[in-house]
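Structure, as structure tokens:
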Amino acid sequence: MASQPQPDAAQQQPQQLKPPQPPGPEDCCQNGCKVCVWDMYRADLKEYNERLAATDPGAPPAQEAPQSAAMAASLDAFEQMERQLAAQARAREWKERQRRQGRQQGRPQQEGPEGEAATAGGAGAE
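Pasting the structure below:
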């Protein structure tokens with residue numbers, strides 16, 4: 088009984104490779120998770136495209152599935168809020184650095200309208 092030559096794993100892989108399935112609307116909670124199902128999907132898609140390119144260099148890469156319009160709008164709003172919060176945090180840090188530098192150089196603190204020292208984020212700080 089003669090055995091048939093088996094194709095190597097690299098030759099079998101293109102038929103076995105299947106692109107990852109995008110998450111459904113019920114899979115994403117839209118709470119800004121540190122590792123979102125969409126992040127995992129993108130990582131899986133990148134890995135799939137790398138394997139596909141290694142086994143079949145001429146094959147076109149799989150494209151990311153579009154998110155629903157509602158989900159995309161929610162994510163855009165969330166990302167905008169995150170950018171605003173980061174900008175506010177940077178502004179608070181800058182004001183605090185300026186306040187500390189003023190103390191180190193012996194400058195008197197400016198008093199606020201109630202006779203209290205003005206602080207970053209306090210009344211009259213803007």
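Add 87 to a position in the sequence shown, counting from 1, and you land on the number used in our numbering.
Note that CB positions come from ideal geometry on N, CA and C, so glycine has one too.
Taking C-alpha positions only, residue 140 is separated from residue 146 by approximately 7 Å.
Annotation note: the segment 106-154 contains the following uninterrupted alpha helix (DSSP H) runs of length 4 or greater, listed N- to C-terminal: 124-142. DSSP, reduced to helix, strand and coil, places residue 103 within a helical segment of the structure shown. Judged by DSSP in its simplified three-state form, residue 175 adopts helix. By the Cβ test, the segment 129-143 is in contact with the segment 101-117, since at least three Cβ pairs between them sit closer than 8 Å.
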